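Numbering (the working numbering), first residue to last: -15 to 176.
Glycine included, every Cβ here is placed at the ideal spot set by N, Cα and C.
Fair warning: this is a prediction, and the values are worked out from it, not measured in the lab.
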Ligand SMILES: Cc1cc2nc3c(=O)[nH]c(=O)nc-3n(C[C@H](O)[C@H](O)[C@H](O)COP(=O)(O)O)c2cc1C
């Protein structure tokens, strides 16, 4: 059965470099394994997501949170805003159940306006998914403004990192599916 992959990008407008980057990782993964891919961004979540509880989320946003929770693996991306992930990206992830991502393979990506904040994937995104005890792929992918243009990854080094991250995700999926862990939490309650 193809692995259910959810790519979630924290962009609020399209076209989006971040969405292009998560789609590039997904495309590379699809060359390596059969996948059933769903791609979402904050445009898909719609308006009215500034609520305090999950039950108050509008249906499109609630469906994205559910898709993130039930996927076999995730490819996530955020534009860099003020040196970190975008606030609305984090806001949607805040509604994900703490147990839902335990052991789930995740590729981390981000895009920014230049090279200065390349380590946002390590300083912001990796700890966030560490909170969830997700299995983040060792290679995270960052692209600056010149590295993605006209809807494609234009830079060879970024393309190589995309391929590496996708290969790592494929291997993590093999391990998770081989161990029967697909989309199932490793524990019912994480100690938080
Ligand atoms: C409010 C705001 C804050 C931003 N802050 C940063 C930043 O701190 N560092 C950076 O490299 N780029 C920053 N940028 C640029 C975006 O991260 C960059 O254009 C990104 O690729 C946009 O992604 P998108 O096309 O998916 O929306 C900022 C952009 C906005 C709108």
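C-beta contact flag for residue 9 and residue 138 at 8 angstroms: no
Cβ-based neighbour list, residue 105, same chain, cut-off 8 angstroms, excluding 5 preceding and 5 following: 92, 93, 94, 124, 125, 126
Beta strand (DSSP E) segment containing residue 122, residue limits: No beta strand (DSSP E) holds residue 122; DSSP gives it neither H nor E.
heavy atom of ligand 1 below 7 angstroms from residue -3 C-beta: yes
Three-state secondary structure assigned by DSSP to residue 68: strand
Beta-carbon gap between residue 38 and residue 27 smaller than 8 angstroms: no
Residues that DSSP places opposite residue 5 in a beta bridge: Answer by DSSP bridge pairing: none, since residue 5 is not bridged.
Simplified DSSP state of residue 61, which is helix, strand or coil: strand
Cβ-based neighbour list, residue 224, same chain, cut-off 6 angstroms, excluding 5 preceding and 5 following: Examination of residue 224 is not possible in this model, given that the chain is present from -15 through 176 alone.
Residue from 90, 111, 65, 21 whose Cα sits closest to the Cα of residue 100: 65
Classification of residue 4 by the beta-carbon crowding that lies within 10 angstroms, buried from 16 upward: buried
Proximity of residue 183 and residue 40 at Cβ, strictly below 8 angstroms: Since the first and last residues shown for the chain are -15 and 176, residue 183 lies out of range.
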